[in-house]
Structure formats: structure tokens, C-alpha cells
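A.B. asks: Structure provided below as C-alpha cells; questions to follow.
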Amino acid sequence: MNKPLPIDIKVGFVGVAAAEQLLLVAFLDLITLNDGSIFVFDDSSDAPIKIVDASSPAGRQFLSRPKADPTSRAIILYGAQGPEAHLVLERPPRLVKFRSVLQRAVQMLAEAHRLANPEAGSGNSKLPLPHRFLTVLIDLLEQSSGRGWFRLRAFHELDIRVNLDRGLFSITRGGLAPAEWSSLFEGVRESIALEPVVGDPEPIVYPLETLKWQLAMQLSFGLLVPGIADRRKFSLTRWPDFAKLKASPNQMRLAALVGSRDLSIEELLSRSQVARQDLIRFLNACEICGYLRLETTDPAVAPAAPKEAAVATKVVPPAAATRPRRFQAVLGKLRAALRLNGEGRQS
Amino acid sequence: MTSESVQPPSEIKIIITGTMGAGKTTAIAAVSDAPPVTTEADNRDRAAHSKAQTTVAMDYGEVQLAGGDRLRLYGTPGQGRFNFMWKILGKGALGVVILVDLSRSDPAADLRTYLADFSEIIREGTGVIGAGRPGTDAAEKIEGLHAVIGEMGLLLPVFEVDVRERSDVLLLLEALFSQIEMSADGSED
Chain A
539 MNKPLPIDIK VGFVGVAAAE QLLLVAFLDL ITLNDGSIFV FDDSSDAPIK
589 IVDASSPAGR QFLSRPKADP TSRAIILYGA QGPEAHLVLE RPPRLVKFRS
639 VLQRAVQMLA EAHRLANPEA GSGNSKLPLP HRFLTVLIDL LEQSSGRGWF
689 RLRAFHELDI RVNLDRGLFS ITRGGLAPAE WSSLFEGVRE SIALEPVVGD
739 PEPIVYPLET LKWQLAMQLS FGLLVPGIAD RRKFSLTRWP DFAKLKASPN
789 QMRLAALVGS RDLSIEELLS RSQVARQDLI RFLNACEICG YLRLETTDPA
839 VAPAAPKEAA VATKVVPPAA ATRPRRFQAV LGKLRAALRL NGEGRQS
Chain H
43 MTSESVQPPS EIKIIITGTM GAGKTTAIAA VSDAPPVTTE ADNRDRAAHS
93 KAQTTVAMDY GEVQLAGGDR LRLYGTPGQG RFNFMWKILG KGALGVVILV
143 DLSRSDPAAD LRTYLADFSE IIREGTGVIG AGRPGTDAAE KIEGLHAVIG
193 EMGLLLPVFE VDVRERSDVL LLLEALFSQI EMSADGSED
């Protein structure tokens, strides 16, 4: 069961943006968390996700398919002994497809975990958190100190550098041979660390905030990050700079809502009319970027609010009660006239 | 016929303010249906900004909508000696866009002035800060803007923008529209 399987590893980063590259790394980390049997995830068709034991007839049949199969497919295999995970992308997928594969893979992960651990029940609480990698990375970034550029060790195939003082990051592709991919699994699991970069010219850089934001957008998978999962109400200490981040109309509305008052998840869903998944992504991103005010379920044990929150008293416009709702109709016309589809600036 | 169908046309009035040269006229021109009406004269305050002409009364642009509804955009004069116009222009405005020039020596002090002068609009309505002309110290200066906003007990968006880009001006307006929309929604509490 645990011996390497006779399949090629063909992982393509062609045309994949930095955030998606990180997603792939994160995803490879996720699949090493599992300790169940080997499963196959067949993404070669539009049919519903199919999960089969690789040693079953269906699994063997799938694995024996010609490698030249023109359809895009992902096969994920994992075993009890750790880094036996392989991701096969027969051709570099487009971003939309890539995200779709990742999201479906996470569903597969949950189902596989349920099959391997029936006593864990069907709830999400026992499942490996899809954003474990995200929280590890962000914690590392925020706990580290020092000046200048640091390389994120463990991402052997990607040269990921961060400058914490200046809030910048860069990412470039490296030349890791397929045979060395197993070292990536080991590194991600155990030894994410920062090492100083000395002497290299400064790379093309981006605000670190954009990396955090995109990670949260892509890695939330419907779950609040641990730091805010027990909060009853949410409010902002600062608006995200939507000129730097990709803002959707929903995110702008959510920022306007939680920027003016404390609201629960249900209140936010009701007033904003956004999907729960989108709300979770937004709250996670705000938390990771440090824009959410801290509040716990039990006011008696609520930690002290951060300094910036203390001065950022919310202003509920006194005239709001008299503001005619008919402005909403005008705003709808305005958005159409100005072609404000809400995508904001695509940075 | 319902009462809603006979309502008079609605107008949304937005003020665009900021120091001289911050891009108020440019921002209005970026979204106005027609070239904005401007009241420019020779700049007699070259110490504040080197541009040859500047707005002395107001800039005006609008976006016409079906049913007679419209968005009115008013740009204030940037020079302090014309600040008596600010209150006149601000009357009835639903929101204010404050353009801050990060290349100036103390943009935080500039912002404090405008937040104070337009506090009535901001507290009764909405506001957004567009920070332009960033230099190498932009991050530090933007932190200073957030500090001023916090000191005044406000929570307003600060976007680093280039108002020569129409998409950036639209981003500022969208933030205002969202604030208007969401505060109207809250009125049903």
C-alpha cells in the first residue's frame, strides 16, 4: 500500500500566479496530514467527485489510464507513511480550473477523512483544517523579527522572500526537479522557517498585505480561522485598502457594514446578502491582516482591545435613521451607469 | 399607482475636496458625463503648488440617470483663502471624498483640517480618503492618516489611488456608495 506508485509527477506552474503557487504548496501540505488509506480523486470529467480506494478495481483502472489522456485530471494519493502524496496535472490548468480542482480536492479530503475515521462524525470539527498552513505561515511572518529580506525556507521550488519591516514579499520560480518533490512535503510539514537573504539585488516586490489577503481568500474553505471562530460579533479597526486588494462588491459592502457597527455573522449575512463562504473569506482576511476588533463570546473573559481599536470608536451616522431608502435605487442606477461592477481596481 | 412611483427625482451630492493639486478637478472629469464646469484662475499661491491655474470657486460635474435622478459632484477650491466656499458647497452632501497629497510635507495635518471642516458631512454621512502621489515614505504617511482618523473617533477607508485612473476614482465612489447603502440599511434597526 505504501510503496511509490508508478505514475509520473507533472506539476505545472505555467501561467499560475503567485498566490496560486502558494496554494499548491499549501495543498500539498494538506494531503500529508492524512493517515488513511490510499484514495483516488478522479477529476477527469464533469461527473461528481469520485473517491475510490486505489487498490480497488476502480482505482487500478483509473491508474492504468494512458498518461496521454488529453483531459485535465488530478490524482491525489496518500498513505499512512507520510510523503506518498502525488498531484498529477496532465496539463497546466487555467486558474479557474485550478481553483476548482483545489476546492474539490478539499471536499475529497474531508470525505476521505470521514471514511478513514468514521468515529469522527460528519461535522467539520474533527477534520484537518484546510487553512492550517495559512495560520502557520502568518504566525511565522508575524512572530519573526529582524531587518531586511528573509527567504521562507521549506519552499524549495519557490523562492519566496519577505521583508517584514517594509511589508513586502516577492516570489519566483525555482528549479526543483520532480524527483525532489518529496523534500517539499517534509519541509512544509516540519521546518517552515525564515533565513536571511544577504547581498541579492532587491526582487520585484508586492505588499505583504496582498499576499495575506489572497491566502485568506483562497484558503478559507468555509471555516473561520481559529483566532475568530469563537467571536460573537465583528467590527473593523481599519478598512482594507481596496486599491491594493482585489475588492468585490460584496467585500466593499461588508466593510461598510462592519465599519459602522458590531454585527454577528447572521446579521452580516442578512444585511449584506452575501454568501456565507464570501463572508467567511472576508472575515478571515480582515483578521489575518489585523483589521478586526477583538471580541469574545463571553464579555467577562474578553481580552483587552488592541490600542488601535481603542481609538477607532465607531461612528453610527445619526442621520442614518432619516436617510431615505430610495437612495438605494439611485445607487443601483449609478452603479450601472458608471459600470461599477464592483471589481474595483484589479491589482 | 403607488406612492413610490410619484417620488421626485433623487440626487446624490458628493463633495470632492483636498489640497491644491491633489487632483480634485481630474477626479471629477474622470466620471462626469460632460466636461466639468470649472472656475479656474491664475495660481497666486505658487508656494503651495507650482501649477499655473487653480480652482477658485468650485468644480462641478454630474452623472445623469434615468428618471431624472443624478449624481452631483462638487470640487472645492484647494487654496485655504477660499475655504468659506467649503461649507456652502457641503450643504446637503451625502458624502465627501478627501484627496490627500502624500508628497506634501505633512499630509496628516492636511487631513485633520479637512476632517474638521467637513465633520458635519462625515459624521452624518460618509467619507473616504484617497491618498495620492506616493513616495518612498508612503506607507509611513498613510499610517499617519489612519492615526488622525482614529484620533477623531472615525473609521474611514484610506485608499492609495491615482485619480488620473478612472478605475481609482470609481473605487472611491463605490466606497461611498456602499457606506450610504449600508447606513440606510441600518436605519431599519
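Going down the list, the protein sequences come from chains A and H.
For the first sequence, the numbering used here gives the first residue as 539, with consecutive numbering after it.
For the second sequence, the numbering used here gives the first residue as 43, with consecutive numbering after it.
The beta-carbon is built from N, C-alpha and C at its ideal position, and this holds for glycine as well.
1. Does P734 (chain A) come out as helix, strand or coil in the three-state DSSP assignment?
2. When we look at the beta-carbon of K183 (chain H) and count the other beta-carbons within 10 Å, is it buried (16 or more) or exposed?
3. Assign E207 (chain H) to one of three DSSP states: helix, strand, or coil.
4. Whole angstroms are fine: how far does the CA of K133 (chain H) sit from the CA of I58 (chain H)?
5. Starting from the Cα of C824 (chain A), find the closest Cα among A:F772, A:A781, A:S810 and A:A874 and give me that residue.
6. Who are the neighbours of F865 (chain A) on chain H, taking C-beta pairs under 7 Å?
7. In this structure, how does DSSP classify F772 (chain A) when only helix, strand and coil are distinguished?
8. Measure from the alpha carbon of G828 (chain A) to the alpha carbon of each residue in A:V736, A:I766 and A:V700, then state which is nearest.
9. Cutting at 7 Å between CB atoms, please list the residues of its own chain near P78 (chain H), excluding the five before and the five after it.
10. Should the stretch 106-122 of chain H be regarded as contacting the stretch 178-193 of chain H, the criterion being three or more beta carbon pairs within less than 8 Å?
11. Apply the 10 Å Cβ neighbour rule to A150 (chain H) and answer buried if 16 or more other Cβ atoms are within range, or exposed otherwise.
12. On a Cα-Cα basis, can you pick out the residue from A:Q811, A:R873 and A:L821 that is closest to K750 (chain A)?
13. Note the first and the last residue of the continuous alpha helix (DSSP H) segment covering A794 (chain A).
14. Quick check: G172 (chain H) and L141 (chain H), are their CB atoms within less than 8 Å of each other?
15. Provide the residue(s) that pair with L113 (chain H) in DSSP beta bridges, ordered along the chain.
16. Mind checking whether L196 (chain H) and I164 (chain H) have CB atoms under 8 Å apart?
17. Label V105 (chain H) either buried or exposed according to how many other C-beta atoms from any shown protein chain fall within 10 Å of its C-beta, with 16 as the threshold for buried.
18. Counting along the chain, where does the beta strand (DSSP E) carrying F201 (chain H) start and finish?
19. Using the beta-carbon of each residue, which ones in chain H are nearer than 7 Å to G797 (chain A)?
20. Within the same chain, show all residues whose beta-carbon is closer than 6 Å to that of E216 (chain H), passing over the 5 residues directly before and after it, in chain order.
21. Quick one: does V868 (chain A) have its CB under 8 Å from some CB of chain H?
22. So that I know if they touch, is there some Cβ in chain H lying closer than 8 Å to that of R814 (chain A)?
23. Considering T155 (chain H), what are the terminal residues of the alpha helix (DSSP H) in which it resides?
24. Quick one: using the 10 Å Cβ neighbour count with 16 as the cut-off for buried, is Q815 (chain A) buried or exposed?
25. Considering only the alpha carbon of each residue, which of H:S74, H:V73, H:L107 and H:H188 lies closest to E53 (chain H)?
26. Using CA atoms only, rank isn't needed, just tell me which of H:F219, H:V211, H:M127 and H:F201 is closest to S74 (chain H).
27. Sorted by chain position, which residues of the same chain lie with C-beta nearer than 6 Å to I56 (chain H)'s C-beta, five sequence neighbours on each side aside?
28. Could one say the Cβ of R819 (chain A) lies closer than 8 Å to chain D's Cβ atoms, at least one of them?
29. Tell me the rounded alpha-carbon separation between L876 (chain A) and R809 (chain A).
30. When you compare the CB positions of L144 (chain H) and G169 (chain H), do they come within less than 8 Å of one another, or not?
31. Does DSSP put V170 (chain H) in a helix, a strand or coil?
32. Can you name the residues of chain A whose CB is closer than 7 Å to the CB of A151 (chain H)?
33. So E733 (chain A) packs on R689 (chain A), CB below 8 Å; how close in whole Å?
34. For Y156 (chain H), which residues from the same chain have a beta carbon less than 6 Å from its beta carbon, with the 5 sequence-adjacent residues on both sides left out?
35. Hey, does W751 (chain A) have any beta-carbon neighbour from chain H nearer than 8 Å?
36. As a quick exercise: from H:A158, H:G109 and H:E185, pick the residue whose alpha carbon is nearest that of W128 (chain H).
C.D. replies: Inspection of the coordinates gives the following:
1. The count along the first sequence starts at 1 and reaches residue 734 (chain A) at position 196. Looking at P734 (chain A) - three-state DSSP - the assignment turns out to be strand.
2. As a working mapping, residue 183 (chain H) is identified with position 141 in the second sequence. When all chains shown are included, K183 (chain H) counts as buried.
3. In the second sequence, the residue the question calls residue 207 (chain H) occupies position 165. Residue state, collapsed to three classes: coil.
4. Looking up residue 58 (chain H) in the second sequence gives position 16. Looking up residue 133 (chain H) in the second sequence gives position 91. One C-alpha to the other measures close to 13 Å.
5. Position 286 of the first sequence holds residue 824 (chain A). It is A:F772 whose Cα lies nearest to the Cα of C824 (chain A).
6. Working through the first sequence from its first residue, we reach residue 865 (chain A) at position 327. Going along chain H in sequence order, the residues near F865 (chain A) (Cβ under 7 Å) are S52, I54, I222 and A226.
7. On the first sequence, position 234 is the one that residue 772 (chain A) refers to. If DSSP states are grouped into helix, strand and coil, F772 (chain A) belongs with the strands.
8. Along the first sequence, one-based indexing puts residue 828 (chain A) at 290. The candidate whose alpha carbon is nearest that of G828 (chain A) is A:I766.
9. The sequence position of residue 78 (chain H) within the second sequence is 36, counting from 1. Answer for P78 (chain H): T67, I70, A71, D101, Y102 and G103, listed in chain order.
10. no
11. Residue numbering aside, residue 150 (chain H) sits at position 108 when the second sequence is read from its first letter. Label assigned to A150 (chain H): buried.
12. On the first sequence, position 212 is the one that residue 750 (chain A) refers to. It is A:L821 whose Cα lies nearest to the Cα of K750 (chain A).
13. Taking the first sequence and counting its residues from 1, one reaches residue 794 (chain A) at position 256. Residues P787 to V796.
14. The residue labelled residue 172 (chain H) in the question sits at position 130 within the second sequence. The residue labelled residue 141 (chain H) in the question sits at position 99 within the second sequence. For G172 (chain H) and L141 (chain H), yes; Cβs fall inside 8 Å.
15. Counting from 1 along the second sequence, the entry for residue 113 (chain H) is found at position 71. Answer is H:I54 and H:V105, bridged to L113 (chain H).
16. Residue mapping note: residue 196 (chain H) aligns to position 154 of the second sequence, counting from 1. Residue mapping note: residue 164 (chain H) aligns to position 122 of the second sequence, counting from 1. Yes; because the gap between Cβ atoms is below 8 Å, this pair is in contact.
17. Taking the second sequence and counting its residues from 1, one reaches residue 105 (chain H) at position 63. So V105 (chain H) counts as buried.
18. If you number the second sequence from 1, residue 201 (chain H) lands on position 159. Run containing F201 (chain H): V200 to E202, per the beta strand (DSSP E) assignment.
19. As a working mapping, residue 797 (chain A) is identified with position 259 in the first sequence. Simply L197.
20. Taking the first residue of the second sequence as position 1, residue 216 (chain H) is located at position 174. Around E216 (chain H): no qualifying Cβ.
21. Numbered from 1 along the first sequence, position 330 holds the residue referred to as residue 868 (chain A). So, interface residue.
22. Within the first sequence, numbered from 1, the residue matching residue 814 (chain A) stands at position 276. For R814 (chain A), the answer is no, since every Cβ of chain H falls outside 8 Å of its Cβ.
23. Position 113 of the second sequence, counted from the start, is the residue given in the question as residue 155 (chain H). P149 to D159 is the span of the alpha helix (DSSP H), which, as asked, contains T155 (chain H).
24. Translated into positions along the first sequence, residue 815 (chain A) becomes position 277. Counting Cβ neighbours within 10 Å, Q815 (chain A) comes out exposed, since fewer than 16 surround it.
25. Walking along the second sequence from the start, residue 53 (chain H) turns up at place 11. Nearest of H:S74, H:V73, H:L107 and H:H188 to E53 (chain H), Cα basis: H:L107.
26. Taking the first residue of the second sequence as position 1, residue 74 (chain H) is located at position 32. The option with the nearest alpha carbon to S74 (chain H) is H:V211.
27. Within the second sequence, the letter at position 14 stands for residue 56 (chain H). Excluding sequence neighbours, I56 (chain H) sits near L115 and G137.
28. The structure shown has no chain D; the protein chains it does contain are A and H.
29. Looking up residue 876 (chain A) in the first sequence gives position 338. Looking up residue 809 (chain A) in the first sequence gives position 271. Those two C-alpha atoms are separated by around 24 Å.
30. Position 102 of the second sequence holds residue 144 (chain H). Position 127 of the second sequence holds residue 169 (chain H). Against a cut-off of 8 Å, the Cβ pair of G169 (chain H) and L144 (chain H) comes out as no contact.
31. Walking along the second sequence from the start, residue 170 (chain H) turns up at place 128. Reduced to three states, the DSSP call for V170 (chain H) is strand.
32. Position 109 of the second sequence, counted from the first residue, corresponds to residue 151 (chain H). What A151 (chain H) touches in chain A: nothing, since even the nearest Cβ is about 18 Å away.
33. Along the first sequence, read from residue 1 onward, the residue named residue 733 (chain A) stands at position 195. Along the first sequence, read from residue 1 onward, the residue named residue 689 (chain A) stands at position 151. About 5 Å separates the two Cβ atoms, so the contact holds.
34. Working through the second sequence from its first residue, we reach residue 156 (chain H) at position 114. Once the five neighbours on either side are set aside, the close Cβ partners of Y156 (chain H) are T59 and I140.
35. The count along the first sequence starts at 1 and reaches residue 751 (chain A) at position 213. No, no contact with chain H.
36. The count along the second sequence starts at 1 and reaches residue 128 (chain H) at position 86. Ranking the options by Cα distance to W128 (chain H), first place goes to H:A158.
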